[in-house]
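Peer 1: No gaps in the numbering here: position 101 of the sequence shown is 96 in this note's numbering, and each next residue is one more.
Here a beta-carbon is modelled for each residue, glycine too, at the ideal position from N, C-alpha and C.
Everything numeric in this text was worked out from a predicted model, so none of it was measured.
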Amino acid sequence: MEQLTVGGVITFLETIAPKALQESYDNCGLLTGDPSWTVTGILTTLDCTEGVIDEAMASNCNLIVSHHPIIFKGLKKLTGQNYVERTVIKAIKNNVAIYAIHTNLDSIFEGVNHRIADKLKLVNRSILVPKLGCENLKVGSGMIGELTESIEPMDFLLRLKKSMNTDCIRYTTLRTTQIKKVAICGGSGSFLLNEAIRAGADIFISADFKYHEFFDADNNIIIADIGHYESEQFTKELLKEVLTKKFPTFAINFSKTPTNPISYL
-4 MEQLTVGGVI TFLETIAPKA LQESYDNCGL LTGDPSWTVT GILTTLDCTE GVIDEAMASN
56 CNLIVSHHPI IFKGLKKLTG QNYVERTVIK AIKNNVAIYA IHTNLDSIFE GVNHRIADKL
116 KLVNRSILVP KLGCENLKVG SGMIGELTES IEPMDFLLRL KKSMNTDCIR YTTLRTTQIK
176 KVAICGGSGS FLLNEAIRAG ADIFISADFK YHEFFDADNN IIIADIGHYE SEQFTKELLK
236 EVLTKKFPTF AINFSKTPTN PISYL
């Protein structure tokens, strides 16, 4: 049987989403483990927690490919005082490699936002804000596309709620009679609001808008905040599909461990 190493998986992932595309604040890459390790199985997840490490071990997966990096800020000690330290300690103790593919996966055309566009069945897709200094117009922040047919705003929100499997949508005034052009950004996307307005979008779907930022819609666009986890939850499916296509003989699972820290009543 073909042997696959952690380094081999990393090399493949970084041909799709190069680390050079990550934002300056990010911490993509191999966070625990050794590139020379032979892979026994791969588990894809949005977040890496102690529960995800347990699931990986139970599934005989010694490589976790996570969207969000469990180590985001510098660690000055490992004493198990918080969930980050405990997760890292458990991974190291049990020889589980953790690889994070975050803002670099956000930036590519067929990345996180493309999967949201798939769920919403958008056509005529393009990057909302191409990356500065990059000749490839299919690299950048956010995505914009169109519905095949216009739809009334409330009907669209109900469809959005179902398609994105979210329990809560926070939205602004339904200032238009029809939704046709849709801008999206998985995760925290309020920084793209003005770009979505300039692009002529009827609605901007993202997450983590603060109270006063909703005023910035200023009756020029509808903001629909569907939640951070909810906007990116299908990323683990995307990663599993990409890896399975490349490595069809290896066990690749997406995590079933709940990692959304927010509940709704």
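Taking glutamate 18 as the reference, give the member of Phe209, Pro64, Lys251 and Gly140 with the closest Cα.
Peer 2: Here the closest residue by C-alpha is Pro64.
Peer 1: Drop a sphere of 10 angstroms on the beta-carbon of glutamine 76, count the other beta-carbons inside from all chains shown, and report buried for 16 or more, exposed for fewer.
Peer 2: Exposed, because fewer than 16 other Cβ atoms sit within 10 Å of the Cβ of glutamine 76.
Peer 1: What did DSSP end up calling arginine 110 once you bin it into helix, strand or coil?
Peer 2: Looking at arginine 110 - three-state DSSP - the assignment turns out to be helix.
Peer 1: Hey, could you find the ends of the alpha helix (DSSP H) proline 148 is sitting in?
Peer 2: Start and end: 148 to 158.
Peer 1: Looking only at its own chain, which residues have a Cβ that is under 6 Å from the Cβ of threonine 239, when we skip the five neighbours before and after it?
Peer 2: Closer than 6 Å at Cβ, skipping near neighbours: Ile247.
Peer 1: Over what stretch of residues does the beta strand (DSSP E) that includes aspartate 220 continue unbroken?
Peer 2: Unbroken beta strand (DSSP E) run through aspartate 220: 217 to 220.
Peer 1: Is alanine 95 near the ligand COA, in the sense that its beta carbon is under 8 Å from a heavy atom of that ligand?
Peer 2: Inclusion of the ligand COA in the displayed structure is not the case, the ligand content being empty and no account of it being possible.
Peer 1: If we count the other Cβ atoms within 10 Å of its Cβ and call it buried at 16 or more, is aspartate 220 buried or exposed?
Peer 2: The residue in question, aspartate 220, is buried, as its Cβ has 16 or more Cβ neighbours within 10 Å.
Peer 1: According to the Cβ coordinates, are asparagine 90 and aspartate 21 closer than 9 Å?
Peer 2: No, the pair does not count as a contact, with Cβ atoms beyond the cut-off.
Peer 1: Do phenylalanine 242 and phenylalanine 67 have their CB atoms nearer than 9 Å?
Peer 2: No; because the gap between Cβ atoms is not below 9 Å, this pair is not in contact.
Peer 1: Please determine, among Arg170, Lys116, Lys176 and Glu130, the residue with the shortest C-alpha to C-alpha distance to arginine 154.
Peer 2: Among Arg170, Lys116, Lys176 and Glu130, the Cα nearest to that of arginine 154 belongs to Lys116.
Peer 1: Leucine 73: buried (16+ other C-beta within 10 angstroms of its C-beta) or exposed?
Peer 2: So leucine 73 counts as exposed.
Peer 1: In the DSSP assignment, what are the bridge partners of methionine 138?
Peer 2: Beta-bridge pairing links methionine 138 to Ile122 and Ile179.
Peer 1: Return the CA-CA distance between glycine 2 and isoleucine 217, expressed in angstroms with no decimal places.
Peer 2: Glycine 2 and isoleucine 217: Cα-Cα distance of roughly 44 Å.
Peer 1: Leaving out the 5 sequence neighbours to the left and right, which residues in its chain are closer than 8 Å to glycine 195 when beta-carbon positions are compared?
Peer 2: Taken in chain order, the residues that qualify are Lys176.
Peer 1: How close, in whole Å, do the beta carbons of isoleucine 146 and lysine 156 come, if the pair is a contact with beta carbons under 8 Å?
Peer 2: Actually they do not touch by this definition, with Cβ atoms about 13 Å apart.
Peer 1: Quick check: the Cα distance between lysine 71 and tyrosine 94, rounded to an integer number of angstroms?
Peer 2: Looking at the two C-alpha atoms, the distance is approximately 20 Å.
Peer 1: Going by C-alpha distance, which of Ser136, Phe245 and Lys251 is nearest valine 34?
Peer 2: Comparing Cα-Cα distances from valine 34 to each of Ser136, Phe245 and Lys251, the minimum goes to Phe245.
Peer 1: Which residues does DSSP list as the beta-bridge partners of threonine 10?
Peer 2: Partner(s): none; threonine 10 has no beta bridge.
Peer 1: I'd like to know whether the C-beta atoms of alanine 86 and isoleucine 37 end up nearer to each other than 9 Å.
Peer 2: No.
Peer 1: Using CA atoms only, rank isn't needed, just tell me which of Asn160, Ile200 and Gly106 is closest to glutamate 141.
Peer 2: The shortest Cα separation from glutamate 141 among Asn160, Ile200 and Gly106 belongs to Ile200.
Peer 1: Please report the straight-line C-alpha distance between proline 13 and isoleucine 111, rounded to a whole angstrom.
Peer 2: C-alpha separation (whole angstroms): 21 Å.
Peer 1: Quick one: is arginine 120 buried, meaning 16 or more other Cβ sit within 10 Å of its Cβ, or exposed?
Peer 2: Arginine 120 should be labelled buried.
Peer 1: Could you check what DSSP says for glutamate 227 in three-state terms: helix, strand or coil?
Peer 2: Here glutamate 227 sits in helix by DSSP.
Peer 1: What residue ranges within the segment -1 to 86 form continuous beta strand (DSSP E) runs of no fewer than 3 residues, ordered along the chain?
Peer 2: Correct list: 24 to 27, 37 to 40 and 58 to 61.
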